[in-house]
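If you're matching them up, the sequences are chains A and B in order. Per our numbering: the first sequence = residues 8 to 123. Per our numbering: the second sequence = residues -9 to 102. Take a look at the structure below.
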Amino acid sequence: DTGVSQDPRHKITKRGQNVTFRCDPISEHNRLYWYRQTLGQGPEFLTYFQNEAQLEKSRLLSDRFSAERPKGSFSTLEIQRTEQGDSAMYLCASSPGTGGGNEKLFFGSGTQLSVL
Amino acid sequence: DQQVKQNSPSLSVQEGRISILNCDYTNSMFDYFLWYKKYPAEGPTFLISISSIKDKNEDGRFTVFLNKSAKHLSLHIVPSQPGDSAVYFCAASLFGNEKLTFGTGTRLTIIP
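Following this line, the structure appears as structure tokens:
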């Protein structure tokens, strides 16, 4: 039973460059979430998908951020024209999403982004 | 607007004693509460949860207490073990929505 997988684990980039992260959720999990965590803070919600549909986006998700989940399986998070303030741990999580509520999220190990 | 608050950034406890981590929330519409544990360079791992219809839930060494009138929950770990040293996050969700709102975390250090 594989958990949530994220790639890459670490990414160092120069300001202004574009970066893309990938998340593979637990198979058969319908919901997929992206969170961002900065030092000293808890994970902050960015966006989530129910299958391939992106149902909610946080106001934290500026126009430079875009997320996709084609075919309702893996997801990608792209950040265009990176800024130093984008440096953070980007966490992906999935849940069964059966609609009954009260489900726990299963998190991946995250992608640590450093923007120089 | 921090809807879930963990006011103690850190806590040190002797091995074998009880660890008590606290969490307060402001949104009375939250109805499901969870504790996650996080080691450095890893994602959060689910520990224990409680629904708003209960006031206590136990799982082995871990017990979560919920006081809805005070909008407060706590996590008790007894006895504390060195492997419990980690950052603990309190999280909450609204009915029918699995999106979690997290607190800022408490770093627990168990002293051998």
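From the three backbone atoms N, C-alpha and C, an ideal C-beta is built for every residue, glycine too.
Point to revise | Contact set between the stretch 24 to 45 of chain A and chain B, restricted to residues whose Cβ is under 9 Å from the partner | key: Hits within the stretch, in order: R38, Y40, Y42, Q44.
Point to revise | Under the three-state DSSP convention, the category K44 of chain B falls into | key: Of the three classes helix, strand and coil, the one that applies to K44 of chain B here is coil, per DSSP.
Check your understanding: Are Q(-8) of chain B and T96 of chain B touching if we call contact CB-CB under 8 Å?
Key -> Cβ distance not < 8 Å, so Q(-8) of chain B and T96 of chain B don't count as in contact.
Point to revise | Partners in chain B for P77 of chain A, counting only beta-carbon separations shorter than 7 Å | key: Residues of chain B passing the Cβ test: none, with the nearest at roughly 22 Å.
Check your understanding: Apart from the five residues on each side of it in sequence, which residues of its chain come closer than 6 Å, Cβ to Cβ, to D49 of chain B?
Key -> Closer than 6 Å at the Cβ level, and outside the excluded window around D49 of chain B, lie I38.
Check your understanding: DSSP three-state call for D70 of chain A: helix, strand or coil?
Key -> Looking at D70 of chain A - three-state DSSP - the assignment turns out to be coil, as it is neither helix nor strand.
Check your understanding: Does the distance from the C-beta atom of I67 of chain B to that of S2 of chain B stay below 8 Å?
Key -> No; because the gap between Cβ atoms is not below 8 Å, this pair is not in contact.
Check your understanding: Mind checking whether K44 of chain B and D14 of chain B have CB atoms under 8 Å apart?
Key -> No, they are not a contact pair.
**Study point:** Rounded C-alpha distance that separates F81 of chain A from A100 of chain A
**Key:** Roughly 11 Å separates the two Cα atoms.
Practice item. Measuring only between beta-carbons, confirm whether N109 of chain A sits less than 8 Å from chain C. Key: Any reference to chain C falls outside this structure, whose protein chains are A and B.
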